[in-house]
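Notes follow once the structure below has been shown.
In the working numbering, the protein residues as written are 209 to 512.
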């Protein structure tokens with residue numbers, strides 16, 4: 209998904225429904241077919257503005273090439289995207305003051321407070337929220353904005369077997385932290401909604417700082433899977449005589465915007481009375497393309 213998107217919000221009948229209208233995506237496969245594999249691996253991430261390190265790693269692996277030498281680039285890229293959300297855009301949408309990006313040696317304290325690490329249990333998480341340390345005020349505001357069961361998506365998790373499929377599935381940073389006690393408690397008490405997603409990105413920021421993001425990998429069928437800021441990036445390619453013969457990719461945004469996917473499921477469980485929270489919900493879901501939100505009036509026409 210590499211084009212602008214318009215999302216129509218309809219509040220008819222007290223329920224919130226969405227219609228997603230996307231333009232024509234960039235013909236990535238046509239641009240790469242026939243090129244030498246090394247040239248294609250370099251070109252592909254240059255076609256897009258975001259997640260270039262993730263796309264570069266996936267393209268190299270899928271085409272049977274060594275990973276780029278800059279192993280830190282992926283951690284730096286993902287961490288910067290998390291900082292933008294946690295320090296700038298989400299506070300702004302919630303009426304909280306933005307926070308400056310911290311220096312590398314103070315980043316852990318900026319995220320988590322004096323302890324420098326994310327709480328390791330639900331009880332510790334509750335105490336951390338109450339103390340208001342690090343990003344706790346932001347997560348507390350998100351928790352208060354959405355009641356339990358609001359803006360949640362109940363979808364199967366993406367797996368290596370389904371990563372290249374555009375069927376509805378959960379593809380987000382939370383899947384990099386299975387069994388985390390805080391995420392499990394939030395999912396059970398409030399659902400896989402905004403607080404669950406925002407908390408997962410904070411936990412993932414800690415993984416970036418610690419250098420423990422999952423390594424990019426290549427499956428036996430040639431599919432390359434790479435961690436990205438919004439979830440998992442998948443590329444499948446085939447080369448013949450040193451040139452690209454087939455190329456396909458599926459991004460977290462593809463899964464997010466697929467019919468019945470995370471975006472439509474999340475908006476469907478947000479009460480129409482809370483439509484004013486739509487920009488915040490959209491930013492937490494975080495498609496990697498420009499999006500225009502338009503509310504449909506009772507007459508059935510978009511509200512200009």
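The beta carbon of each residue, even a glycine, is placed where N, CA and C say it ideally should be.
The model shown is predicted, which means the values in this text are computed figures rather than measured ones.
Is the CB-CB distance between residue i and residue j below 8 Å?
i	j	result
residue 444	residue 270	yes
residue 383	residue 440	yes
residue 466	residue 371	no
residue 242	residue 212	no
residue 398	residue 217	no
residue 490	residue 359	no
residue 282	residue 478	no
residue 219	residue 476	no
residue 436	residue 325	no
residue 501	residue 474	no
residue 413	residue 298	no
residue 294	residue 410	yes
residue 408	residue 373	no
residue 267	residue 252	yes
residue 353	residue 464	no
residue 302	residue 349	yes
Assign residue i to buried or exposed, taking buried as 16 or more other Cβ atoms, counted over all protein chains shown, within 10 Å of its Cβ.
i	result
residue 233	exposed
residue 300	exposed
residue 346	buried
residue 305	exposed
residue 378	buried
residue 469	buried
residue 446	exposed
residue 462	buried
residue 221	exposed
residue 512	Note that residue 512 scores a pLDDT of 45, beneath 50, so its modelled location is shaky; the value from the coordinates is reported in the next line. The residue in question, residue 512, is exposed, as its Cβ has fewer than 16 Cβ neighbours within 10 Å.
residue 284	exposed
residue 401	buried
residue 380	buried
residue 312	exposed
residue 426	buried
residue 227	exposed
residue 438	buried
residue 248	buried
residue 209	Its pLDDT being 49, under 50, residue 209 is placed unreliably in this model, and the value from its coordinates should be taken loosely. Counting Cβ neighbours within 10 Å, residue 209 comes out buried, since at least 16 surround it.
residue 498	exposed
residue 335	exposed
residue 322	exposed
residue 308	exposed
residue 361	buried
residue 375	exposed
Contact check, residue i vs residue j under 8 Å by CB: the rounded distance?
i	j	result
residue 404	residue 391	6 Å
residue 236	residue 457	7 Å
residue 275	residue 255	Contact doesn't hold; Cβ gap of about 19 Å is too wide.
residue 259	residue 496	7 Å
residue 487	residue 265	The Cβ separation is near 32 Å, so there is no contact.
**Message:** Check whether the segment 365-375 and the segment 319-333 touch, using three or more Cβ-Cβ pairs below 8 Å as the test.
**Reply:** Under the Cβ criterion (8 Å, minimum of three pairs), the segment 365-375 does not count as touching the segment 319-333.
**Prompt:** Any contact of the segment 449-467 with the segment 288-298, i.e. 3+ C-beta pairs under 8 Å?
**Reply:** no
**Message:** For the structure I just gave you, are there three or more beta carbon pairs, one from the segment 338-350 and one from the segment 314-323, closer than 8 Å?
**Reply:** yes
**Request:** Identify every run of the beta strand (DSSP E) within the segment 265-329, keeping only runs that are complete inside it and at least 3 residues long; order them along the chain.
**Result:** You should have found no qualifying run.
**Request:** Return the chain-ordered ranges of every beta strand (DSSP E) run that is complete within the segment 355-443 and spans a minimum of 3 residues.
**Result:** Within the segment 355-443, the complete beta strand (DSSP E) runs of at least 3 residues are 431-436.
**Request:** Please go through the segment 225-265 and give each complete beta strand (DSSP E) segment of 3 or more residues, from N-terminal end onward.
**Result:** 225-230
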